[in-house]
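Asks: Dumping the structure here so I can ask a few things about it.
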Amino acid sequence: MPKADRIKPTQDSIGTYLDNLKNKKYQIPTFQREVVWEEDNVKKLWDSIYKFYPIGSILVWKTGVKLQNYRNIGGHDISDDQNKSEYQYILDGQQRTTSLLTSLYGGSIEGREDFDPTLYVDITISEENDDTYKKRFLFWNDIDDKNGSIKRNIPRRKKYEKNLIVKLNDIKENFNEVEKNIHEEGYVEYDHEYRNNLRNIKNVTSIA
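Residue 177 in numbering that gives the first Met the number 0 is what sits at position 178 of the sequence shown, and the numbering runs on without skipping anything.
See the structure below:
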């Protein structure tokens, strides 16, 4: 096997990988199958990351050949029409890539134009069981009570208004502000359960 064709593993963080994607370093060839995006699977993916379970590798092919590629993924433009000496194509991992990108940075899901794919975290959830991820990781449609008309969401909406349900990306990018808001809500002890949960999520997003 020629040296140039060998598989070389790298260990980029999820954040670095997504930044490279947003900066149009990676392309997705059109022969990749269409993404099947499901809320529960996205929550399970982040639950695996939260528990430090392996989520599989992303296969990227470096080549001098220019292929037809998708112009956007999850509503984010990733196309790069410039001619290059080398292109990098995602051959395996489009599903996980879309899930990670949209849950951190929002965007849009084909066929669900009114749905916000941004992911939120309920920092009051501490227990660990097979279904905990459904309570810990939330989308806006799990939180919004439509002015009280969706009764099952009323408790979560109240948590959101008290800064106890937070955008995942806010924990990643604005941790000090998030922690300050929780402190001002009356959770002043450094080792309070909710603040410990927040730091656990921060540790996860540091990897991500």
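Glycine included, C-beta positions come from ideal geometry on N, C-alpha and C.
Nearest to T123 by alpha carbon, out of V35, G74, I108, R135?
Replies: If we check each option's Cα against that of T123, R135 comes out closest.
Asks: Helix, strand or coil: how does DSSP classify N19 here?
Replies: Three-state DSSP puts N19 in a helix.
Asks: Please classify W36: does DSSP put it in a helix, a strand, or coil?
Replies: Residue state, collapsed to three classes: coil.
Asks: Quick check on the burial criterion: 16 or more other C-beta atoms within 10 angstroms. Buried or exposed for E85?
Replies: The residue in question, E85, is exposed, as its Cβ has fewer than 16 Cβ neighbours within 10 Å.
Asks: State buried or exposed for L66, treating a residue as buried only when at least 16 other CB atoms are found within 10 Å of its CB.
Replies: It is exposed - the Cβ of L66 has fewer than 16 other Cβ atoms within 10 Å.
Asks: For the putative contact between L103 and K23, defined by C-beta atoms under 8 Å, what is the C-beta separation to the nearest angstrom?
Replies: With a Cβ gap of about 17 Å, L103 and K23 do not count as contacting.
Asks: Looking only at its own chain, which residues have a Cβ that is under 7 Å from the Cβ of L44, when we skip the five neighbours before and after it?
Replies: Correct list, in chain order: I54, R95, S98.
Asks: If you compare alpha carbons, which of H75, Q87, Y69 is closest to G63?
Replies: Among H75, Q87, Y69, the Cα nearest to that of G63 belongs to Q87.
Asks: Identify every run of the alpha helix (DSSP H) within the segment 122–156, keeping only runs that are complete inside it and at least 4 residues long; order them along the chain.
Replies: Those alpha helix (DSSP H) runs which fall completely within the segment 122–156 and span 4+ residues are 131–135, 139–142.
Asks: Buried or exposed, going by whether 16 or more other CB atoms sit within 10 Å of the CB of R111?
Replies: So R111 ends up on the exposed side.
Asks: Does the CB of E184 have a neighbour CB from chain B at under 8 Å?
Replies: Among the chains in the structure shown there is no chain B, since it carries only a single protein chain.
Asks: Confirm, please, whether the CB-CB distance from Y119 to L137 is below 8 Å.
Replies: In this structure, Y119 lies closer than 8 Å to L137 by Cβ.
Asks: My output table needs one value for Q26: the three-state DSSP class, helix, strand or coil.
Replies: Q26 falls in the strand class under three-state DSSP.
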